[in-house]
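Each protein sequence line maps, in turn, to chains A and B. Counting along the first sequence from 1, when you hit position 128 you're at 128 in full-length UniProt numbering, and nothing is skipped either side. Counting along the second sequence from 1, when you hit position 113 you're at 113 in full-length UniProt numbering, and nothing is skipped either side. Ideal placement from N, C-alpha and C gives every residue a C-beta, glycine not left out. Note that the structure is a prediction, hence the values are computed from the model and not measured. The block underneath contains the structure these notes are about, expressed in structure tokens.
There are 2 protein chains.
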Amino acid sequence: MRTSELAGQVGVNAETLRYYERRGLLNEPPRTSGGYRDYPPTAVDLLRFIKRAQELGFTLDEVEELLHLDSGGPDSCDVARGLAEHRQADLERRIRDLQRMHDSLADLVATCDRPRADRSCALLEAIDPHTEATR
Amino acid sequence: MRTSELAGQVGVNAETLRYYERRGLLNEPPRTSGGYRDYPPTAVDLLRFIKRAQELGFTLDEVEELLHLDSGGPDSCDVARGLAEHRQADLERRIRDLQRMHDSLADLVATCDRPRADRSCALLEAIDPHTEATR
DNA sequence: GTTGACTCTGTAGTTGGGTACGGGGTTGAC
DNA sequence: GTCAACCCCGTACCCAACTACAGAGTCAAC
Numbered sequence: 001m002r003t004s005e006l007a008g009q010v011g012v013n014a015e016t017l018r019y020y021e022r023r024g025l026l027n028e029p030p031r032t033s034g035g036y037r038d039y040p041p042t043a044v045d046l047l048r049f050i051k052r053a054q055e056l057g058f059t060l061d062e063v064e065e066l067l068h069l070d071s072g073g074p075d076s077c078d079v080a081r082g083l084a085e086h087r088q089a090d091l092e093r094r095i096r097d098l099q100r101m102h103d104s105l106a107d108l109v110a111t112c113d114r115p116r117a118d119r120s121c122a123l124l125e126a127i128d129p130h131t132e133a134t135r
Numbered sequence: 001m002r003t004s005e006l007a008g009q010v011g012v013n014a015e016t017l018r019y020y021e022r023r024g025l026l027n028e029p030p031r032t033s034g035g036y037r038d039y040p041p042t043a044v045d046l047l048r049f050i051k052r053a054q055e056l057g058f059t060l061d062e063v064e065e066l067l068h069l070d071s072g073g074p075d076s077c078d079v080a081r082g083l084a085e086h087r088q089a090d091l092e093r094r095i096r097d098l099q100r101m102h103d104s105l106a107d108l109v110a111t112c113d114r115p116r117a118d119r120s121c122a123l124l125e126a127i128d129p130h131t132e133a134t135r
């Protein structure tokens, strides 16, 4: 299977495959006599694994670690679990942060409906009450 | 007020101020006879506005827009509200995405507690059941 | 045997928000 | 008048995960 065929099946850019190879995420596939990459059919599943893991929030470095684990010994499962739980905790943190941002913003937007003096914008004032300054 | 004093008061790197100036976020302050930037005291509030807006999830481009609005006409309030609501919607989307990732990951980690055949990792299998491939 | 679509390589650019560095000039206390 | 501590500028670098490009080679159909 050639580069663009594989890329097409998985829905990634063909350059991305070369990038993954450079990065060590994909092993170098065999080459045809003309020097073209010739991927085995299993490469499709491998790439889908990578994409799925990315969707779950793993970085490519972590994906690489997962791939090593996958062919690893009996302790691998625990390591994988650790990675996944670490990801989970990180996601929880990020969700909390975004939620805080969202709530603060909602408070600000709510000020828009308050009666206000002529030309003053409650929202902008609320972000910082003393804004005059350099510009 | 000199660059590093301002930076220190707001808690940013002094280089960041030059960066904001290059970007057009801060106007060029007056200079001393020796060519040093001499910020007015109000610059502290301005920078705090910028940092606060960043914490709320606004990009620097959006912050710049907010700053323009702040000195703008009576319609500015509506524009500002629009920007804020757009940010809110974006945050909601991102929160939902992360929540989905988190839930999927939780499902995977749950498989870790299931009884499993000797050396196979349910978590890794669950991400993709057919992983053998190129590496 | 020629055309056109594909592939190869190395290198460089993208995004956003900074940070770092080198080689110089200024300030102010001693 | 000397010294350290600051500041100037332009430029290059950082992160992650791609994406683009130029110039060359290959393949398959006609």
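- Put simply, the backbone Cα of D103 of chain A is about 32 Å away from that of G82 of chain A.
- In the DSSP assignment, C77 of chain A falls within the unbroken alpha helix (DSSP H) covering S76 to T111.
- Looking only at A:G35, A:H86 and A:D45, the smallest Cα-Cα distance to L67 of chain A is reached by A:D45.
- Counting along the chain, no alpha helix (DSSP H) covers L56 of chain B, and no H or E run does either.
- Shown here for P30 of chain B: same chain residues with a beta carbon closer than 6 Å to its own, the five before and five after excluded, namely D38 in chain order.
- Between V109 of chain A and Q88 of chain B, the C-beta gap is smaller than 8 Å, which places the two residues in contact.
- For E92 of chain A, the chain B residues whose C-beta falls within less than 8 Å of its own C-beta are H102, listed in chain order.
- At a cut-off of 8 Å between C-beta atoms, G11 of chain A does not count as an interface residue with respect to chain B.
- In the structure shown, the three-state DSSP call for R31 of chain B is strand.
- The CB of A106 of chain B comes closer than 8 Å to the CB of Q88 in chain A, given here in chain order.
- Taking 8 Å as the CB threshold, A14 of chain A stays off the interface with chain B.
- Taking the beta carbon of L56 of chain A as reference, the chain B residues within 7 Å of it are M101, S104 and L105, listed in sequence order.
- Distance from the Cα of Y36 of chain A is smallest, within the candidate group A:L91, A:T3 and A:D113, for A:T3.
- Residues of chain B whose Cβ lies closer than 8 Å to the Cβ of L98 of chain A are, in chain order, G57, L91, R94, I95 and L98.
- For R37 of chain B, DSSP records a beta bridge to B:R31.
- Assignment of L17 of chain B by DSSP, reduced to helix, strand and coil, places it in the helix class.
- By the Cβ neighbour-count rule, S33 of chain A is exposed, with fewer than 16 other Cβ atoms within 10 Å of its own.
- Around the beta carbon of G57 of chain B, 16 or more other beta carbons sit within 10 angstroms, so the residue counts as buried.
- By the neighbour-count criterion, in which a residue is buried when 16 or more other Cβ atoms sit within 10 angstroms of its Cβ, E92 of chain B is exposed.
- For A84 of chain A, the residues of chain B that pass the 7 Å Cβ criterion are L105, L108, V109 and L123, in the order they occur in the chain.
- Straight across, the Cα-Cα distance linking I50 of chain A with C77 of chain A is about 18 Å.
- G24 of chain B sits away from E62 of chain B, with the two beta carbons spaced by 8 Å or more.
- No Cβ-Cβ contact shorter than 8 Å links I95 of chain B with L6 of chain A.
- In the structure shown, R2 of chain A adopts coil according to DSSP, grouped into three states.
- In this model, N13 of chain A and E28 of chain A are separated by some 17 Å (Cα to Cα).
- Rounded to whole angstroms, R18 of chain B and T111 of chain B show a C-alpha spacing of 52 Å.
- In this structure, DSSP gives V12 of chain B a state outside helix and strand, which the three-state scheme calls coil.
- Inter-residue distance for R48 of chain B and D90 of chain A is about 28 Å (C-alpha atoms, whole angstroms).
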